[in-house]
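Worksheet: the structure to be examined is printed underneath.
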Amino acid sequence: MSTNVKPTKLFSKSLSRTDIEDRLSAPTRCLRFFPELEGKSAIESQAIDGLGKQWSFKLSVGKGGIPHKTVITGQWP
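FYI, the UniProt record's numbering numbers position 19 of the sequence shown as 19, with every residue one higher than the one before it.
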């Protein structure tokens, strides 16, 4: 798959066991790169990696608490 979209680095971090096995915790500032949640606590989204592979995932924002916890869940190796 070919794309003309320039890759965007959202954040980097050392991965915890939870990040790898369950859900990836992401900084709240990353939300600006995704469609508006419009009152929802989660949305389905897709991304294409540098090799052209498409990945589907769910972006969730925790209810309550400040700042809200942002997590990404999906299937990855």
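The beta-carbon is built from N, C-alpha and C at its ideal position, and this holds for glycine as well.
- Assigned with DSSP and collapsed to three states, Phe57 falls in strand.
- Here DSSP, grouped into helix, strand and coil, assigns Glu36 to coil.
- Assignment of Leu31 by DSSP, reduced to helix, strand and coil, places it in the helix class.
- Among the bridge pairs identified by DSSP, Gln46 is matched with Ser56.
- When the Cα atoms are used, Leu15 and Lys63 turn out to be separated by approximately 23 Å.
- In the three-state reduction of the DSSP assignment, Thr18 falls in the helix class, which pools H, G and I.
- The continuous beta strand (DSSP E) containing Gly74 extends over residues Thr70 to Gly74.
- Apart from sequence neighbours up to five positions away, the residues of its chain that approach Lys69 with a beta-carbon distance below 6 Å are Gly62, ordered along the chain.
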